[in-house]
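K.L.:
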Amino acid sequence: MAELTEKPTPPADCECCESACSPCVWDIYYEALAAWNAQQAPIKKDNDSE
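First residue of the sequence shown: 708, per this note's numbering; consecutive thereafter.
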């Protein structure tokens, strides 16, 4: 079984400089959140089918 990761924490307001950095801390957060959601999907599906 793959190791589960913790749900990513959104960046604090002070972490984004709003200067359109690439990548922005929000870009990194949303990428990590998408990966976490993809990891959770099979688990949720298994739990829903029980």
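For each residue, glycine too, the CB sits at the ideal point set by N, CA and C.
For the ligand COA, I want to know if K752 counts as a neighbour, meaning its beta carbon is within less than 7 Å of at least one of the ligand's heavy atoms.
P.N.:
The ligand content of the structure shown is nil, which means the ligand COA is not present either.
K.L.:
In whole angstroms, what separates the C-alpha of D720 from that of K714?
P.N.:
Rounded to whole angstroms, D720 and K714 show a C-alpha spacing of 18 Å.
K.L.:
Do the CB positions of W733 and P749 come within less than 8 Å of each other?
P.N.:
no
K.L.:
Measuring straight from C-alpha to C-alpha, what distance separates M708 and P730?
P.N.:
Because the pLDDT of M708 is 48, which lies under 50, any placement of that residue in the model is unreliable, and the question is left without a value.
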